[in-house]
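A.B. asks:
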Ligand SMILES: Nc1ncnc2c1ncn2[C@@H]1O[C@H](COP(=O)(O)OP(=O)(O)OP(=O)(O)O)[C@@H](O)[C@H]1O
Ligand SMILES: Nc1ncnc2c1ncn2[C@@H]1O[C@H](COP(=O)(O)OP(=O)(O)OP(=O)(O)O)[C@@H](O)[C@H]1O
Ligand SMILES: [Mg+2]
Ligand SMILES: [Mg+2]
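Protein chains in written order, with the working numbering: chain G, 629 to 795; chain R, 629 to 795; chain B, 4 to 158; chain X, 4 to 158.
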C-alpha cells in the first residue's frame, strides 16, 4: 500500500482543484514560505479522519475551508473536500481492489461526510479499515513541522508506552 | 552598552577557556551541529543570573559543568565559570567605568557565586544593575533555538501583558 | 498610564508596519487593540497580509510567515526600546532563501546603534555579516575562531 | 507478551544502532531498558555517542543532534513495522549541510519498499529526490507542479 493520488478542493489554501500523483520511493515537496506545503500534510491528516483542528493548525472547522481572496476575485467556499487514493495491489487494505479511495467533506458548521470508493460510510468504518494497515491520523509516520526532535524529547516512560502501542 | 567579550571555562561543552570578542553591529555565529553554538547563548543566560536550568537545556546544575571526555583525556570539571564584559561608554549601566564585567561560577552542588568587576556580590545586586539598562536573563531580546515563532504564537492577552511589561 | 501606553503602542505599530513591509517586499502588518476605548480590558491582535494574499490573523499563517511576523514585531519593539544586544538562535530555520536574504539585509540595515549576535546555518546570513565566528569541536571540547568575512558556512 | 516485546525490542535496537552509525558516520546509538528483568515497570533510555564525543542521554544533545537521533529512531521502527507511507515536514530544518546530505542519502537507500513524502527547503535534499513537486501560490490559491529532477529549490 502507498499513496497514489491526493485530490484537494477548497481545503485551506487550495481554492482550485489540485491533483497530486505520487509514486513509492523518495518524493520531495518544496516551494516558498506560505505556498501550501504543510497544508498538503494537513489534507492527508484530514482525510484520514483527524478530529483535532489544532493538529491542522486551525481553531475550528471553518478554518479548514478556503476563505477566498477579494483581490483575486475568488469567493469563500462553503465545503472543503480531500480524496486520497491508495495503491492496494498488496491487499494490505482489506478491500479486494487495486485502488482504494477514501474521501472526506466538511462544511462550515463542522459536519463531516466520509466516502469509501465513492460510497458514503461512517468515520469508524474508514478508521477500522486503515488501522489494519497500520495507518492512523496521529501515527508516528507523520512528523509535523517543528516537531522533528519529538521522538528524542520523549521521557523514558513515554518511549516505553509508545513501544508497547507499536508492537 | 553592548557585549564586548565573553569568557567561558568548563561551562557545558567548553572544556578549555574560550574568549569571544564581539563588536556592535551584525555578528554571525556558525558551525556544525553539536559544535557549541547554543551553549554560547546558554552561557550568556547563565551569567545574567538565569536560575531555571531548563532554559539552559539541562536537568540540574551539574549538567552545566563540562563533563569531560575519556578518549580525549580531559577530566570532568568541578566548577563552571562565565564572565561577560560590557562596553559601557554610554553609562547605561549605573557604574562609572568604560568596561563593566560580571561573572558567575557554579559547582556541582548548585552553589553559585556572582562577581562584579572582580568583587564578590549578590545575585540581586547584578540583576538590579542590569535591569536599569533593560537587560534580564529571560528578556524578549534573547530568542532560543526552536522558538522563532513564539512572538507570533502569543494569545492577544499575552501580547497585551508583554506590552505592559515593556513600557 | 493609559496615555503613556497609547503613545508607546502607536509608535510600535508604526515601526511594525514599516519593518513588515520591508521584510515582505510590500506586505502589510498591523497591530490592533481589541478594545481601543479601554485597552487593558482586551488584548492586542496581530494581522498580517502577505503579497497576493488576504489580511489574516497571524495564527493562521504558515511556519515561515509566522517567523517573519515575529521578527518584524521584535525589531519594531527594538526601535522603541533599544535593548543593548540581541541573541538570535537559528531564527531563520524555517525561512526560504528569499526570506533569509531579506532578513539578512534588514538586520544589516538595523544594526547601527545595536548589537545582533545571530546563530545561523544559512549561507545567505553569513554572507551579510560584519563579523563571523566559527564554532567547532576539537578533542571533545568546543572552540571558537574569528573567520575572515568571505567564507562559506562551516559544515 | 513479554517474549513478544523482547523480540521486537531487540530487533529495533539493532536497526537503531545500524542506522545511527550510517547517519553519523560512525557514531553509536543505543536503546536500553531501565529495568531489563521487568521491562514494563521501567522506561526506555536512548543513548547517543557522536564521533569524538562521550556517550550521553539524548536529552543532553544539541538541537541538530536530537533531530538526527529522532530520525534514526523512526527509521529503525520502520524496518520493523513498515508503515505504508511517511510524511516529514521540514525534519531537516536544524541540520547542517553535512547532516542534510547524510539524511538524504539514507532516505534514498531506505526508500525501496517504502514511500517517503518529504517537505523541505534544502537543496541537498531536493537533489537526491526521485520526484520533486513544486508548490506555489497563484492568485491567492495554492497550486502544485511536478518539477523535472535537476532543478534548484524554488524560492
Ligand atoms: N482557510 C484558508 N483559506 C485560505 N488560505 C489559508 C487558509 N488557511 C491557511 N491559509 C493560508 O495557507 C498558506 C499556506 O500555509 P502552509 O502552512 O501550507 O505554508 P507552507 O508552504 O508550509 O509554508 P512554510 O514554508 O512557511 O512552512 C498560508 O499563507 C495561510 O495563510
Ligand atoms: N555538561 C556538558 N559537558 C560537555 N558537553 C556538553 C555538556 N552539555 C552539553 N554538552 C554537549 O554540547 C554539545 C553542543 O551543544 P549545542 O546545543 O551548543 O550545539 P549547537 O552548536 O547549538 O548545535 P545545533 O546546530 O545542533 O543546534 C552537544 O553535543 C552536547 O552533547
Ligand atoms: Mg510549512
Ligand atoms: Mg543549537
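The beta-carbon is built from N, C-alpha and C at its ideal position, and this holds for glycine as well.
Please compile the residues from chain X whose C-beta is within a distance smaller than 7 angstroms of the C-beta of residue 665 of chain G.
C.D. replies: Here the neighbours are 122, 138.
A.B. asks: Can you check whether the C-beta of residue 651 of chain G is within less than 8 angstroms of a C-beta belonging to chain X?
C.D. replies: Closer than 8 angstroms: yes.
A.B. asks: Classify residue 148 of chain B as buried or exposed, calling it buried when 16 or more other Cβ atoms lie within 10 Å of its own Cβ.
C.D. replies: The residue in question, residue 148 of chain B, is exposed, as its Cβ has fewer than 16 Cβ neighbours within 10 Å.
A.B. asks: Is residue 95 of chain B close to chain G, meaning its C-beta is less than 8 angstroms from at least one C-beta of that chain?
C.D. replies: It does not; no Cβ of chain G falls within 8 angstroms.
A.B. asks: Pick out whichever of R/790, R/629, R/779, R/646 has its Cα sitting closest to the Cα of residue 711 of chain R.
C.D. replies: When each option's Cα is compared against that of residue 711 of chain R, the closest is R/646.
A.B. asks: Return yes when at least one heavy atom of ligand 3 lies under 7 angstroms from the C-beta of residue 665 of chain G, else no.
C.D. replies: Yes, the beta carbon of residue 665 of chain G sits closer than 7 angstroms to at least one heavy atom of ligand 3.
A.B. asks: Name the residue from X/132, X/98, X/10, X/133 whose alpha carbon lies nearest to the alpha carbon of residue 662 of chain R.
C.D. replies: Considering only alpha carbons, the answer is X/98.
A.B. asks: For residue 65 of chain X, decide whether its Cβ has a neighbour in chain R, counting only Cβ atoms nearer than 8 angstroms.
C.D. replies: So yes, residue 65 of chain X belongs to the interface.
A.B. asks: If contact is defined by three or more beta carbon pairs under 8 angstroms, each pair taking one atom from either stretch, is the segment 650-662 of chain R in contact with the segment 111-128 of chain B?
C.D. replies: Enough Cβ pairs lie closer than 8 angstroms, so yes.
A.B. asks: So that I know if they touch, is there some Cβ in chain R lying closer than 8 angstroms to that of residue 103 of chain B?
C.D. replies: No, no contact with chain R.
A.B. asks: How about residue 629 of chain G and residue 716 of chain G: are their beta carbons less than 8 angstroms apart?
C.D. replies: Yes, the pair counts as a contact, with Cβ atoms nearer than the cut-off.
A.B. asks: For residue 5 of chain B, which of helix, strand or coil comes out of DSSP?
C.D. replies: Residue 5 of chain B: helix per DSSP, three-state reduction.
A.B. asks: Kindly confirm or deny that the segment 70-82 of chain X and the segment 97-114 of chain X touch, where touching means at least three C-beta pairs closer than 8 angstroms.
C.D. replies: Cβ pair count under 8 angstroms is three or more, so yes.
A.B. asks: Reducing DSSP to helix, strand and coil, say where residue 668 of chain R ends up.
C.D. replies: Correct three-state label for residue 668 of chain R: helix.
A.B. asks: Pull up the distance between the alpha-carbon of residue 824 of chain R and that of residue 8 of chain B, whole angstroms please.
C.D. replies: With chain R covering only 629 through 795, there is no way to say anything about residue 824 of chain R.
A.B. asks: Let me see if you follow: with CB-CB separation under 8 angstroms, is residue 48 of chain X close to chain R or not?
C.D. replies: Judged by the 8 angstroms Cβ criterion, residue 48 of chain X is not in contact with chain R.
A.B. asks: With a threshold of 8 angstroms, are at least 3 pairs of Cβ atoms found where one atom belongs to the segment 720-734 of chain G and the other to the segment 661-678 of chain G?
C.D. replies: Judged by Cβ distances under 8 angstroms, the segment 720-734 of chain G makes contact with the segment 661-678 of chain G, as three or more pairs qualify.
A.B. asks: Between the C-alpha atoms of residue 688 of chain R and residue 777 of chain R, what's the straight-line distance to the nearest angstrom?
C.D. replies: Their backbone Cα atoms lie some 27 angstroms apart in a straight line.
A.B. asks: Would DSSP call residue 118 of chain X helix, strand or coil?
C.D. replies: Strand, per DSSP.
A.B. asks: Would residue 685 of chain G be called buried (16 or more neighbouring beta carbons within 10 Å of its own) or exposed?
C.D. replies: By the 10 Å Cβ count, residue 685 of chain G comes out buried.
A.B. asks: Show which residues of chain X have a CB atom less than 8 angstroms away from the CB atom of residue 730 of chain G.
C.D. replies: Simply none; closest approach about 13 angstroms.
A.B. asks: Hey, is residue 773 of chain G close to ligand 1, as in C-beta under 7 angstroms from one of its heavy atoms?
C.D. replies: True, at least one ligand heavy atom lies under 7 angstroms from that Cβ.
A.B. asks: In chain B, which residues lie with their C-beta within 7 angstroms of the C-beta of residue 55 of chain X?
C.D. replies: Near residue 55 of chain X (Cβ distances below 7 angstroms), the residues of chain B are 140, 143.
A.B. asks: Along chain R, which residues have their Cβ under 9 angstroms away from the Cβ of residue 78 of chain B?
C.D. replies: Under the 9 angstroms cutoff, chain R gives no residues; its nearest Cβ is about 11 angstroms from residue 78 of chain B.
A.B. asks: Determine, using beta carbons only, whether residue 79 of chain B and residue 12 of chain B come nearer to each other than 8 angstroms.
C.D. replies: No, these two residues do not count as a Cβ contact at 8 angstroms.
A.B. asks: So that I know if they touch, is there some Cβ in chain G lying closer than 8 angstroms to that of residue 92 of chain B?
C.D. replies: No, residue 92 of chain B does not count as interfacial toward chain G.
A.B. asks: Residue 159 of chain B: which of B/132, B/141, B/140 sits nearest, CA to CA?
C.D. replies: A question about residue 159 of chain B goes unanswered here, because the residues of chain B that appear run from 4 up to 158.
A.B. asks: Please go through the same chain and pick out, in chain order, the residues whose beta-carbon is closer than 8 angstroms to the beta-carbon of residue 85 of chain X, but skip the five residues on each side of it.
C.D. replies: Hits under 8 angstroms: 116, 117.
A.B. asks: From residue 140 of chain X to residue 95 of chain B, what distance separates their C-alpha atoms?
C.D. replies: The straight-line gap from Cα to Cα measures roughly 21 angstroms.
A.B. asks: For residue 696 of chain G, which residues in the same chain have their Cβ closer than 8 angstroms to its Cβ, ignoring the five residues on either side in sequence?
C.D. replies: Result list for residue 696 of chain G: 643, 702, 703, 704, 705, in chain order.
A.B. asks: Taking 7 angstroms as the cut-off, is the CB of residue 66 of chain B close to at least one heavy atom of ligand 3?
C.D. replies: At least one heavy atom of ligand 3 is nearer than 7 angstroms to the Cβ of residue 66 of chain B, so yes.
A.B. asks: Using the DSSP secondary-structure output, state which residues sit across from residue 141 of chain X in a beta bridge.
C.D. replies: Note: residue 141 of chain X sits in a beta bridge opposite X/144.
A.B. asks: Taking only beta-carbon positions, decide if residue 788 of chain G is within less than 8 angstroms of chain X.
C.D. replies: Answer yes: the Cβ-Cβ gap between residue 788 of chain G and chain X drops below 8 angstroms somewhere.
A.B. asks: From the beta carbon of residue 644 of chain G, is the nearest beta carbon of chain B less than 8 angstroms away?
C.D. replies: By this cut-off, residue 644 of chain G is not an interface position.
A.B. asks: Closest to residue 633 of chain G by C-alpha separation, out of G/641, G/747, G/651, would be which residue?
C.D. replies: Ranking G/641, G/747, G/651 by Cα distance to residue 633 of chain G puts G/651 first.
A.B. asks: Please check if any C-beta of chain B sits within less than 8 angstroms of the C-beta of residue 765 of chain G.
C.D. replies: No, its Cβ sits nowhere closer than 8 angstroms to a Cβ of chain B.
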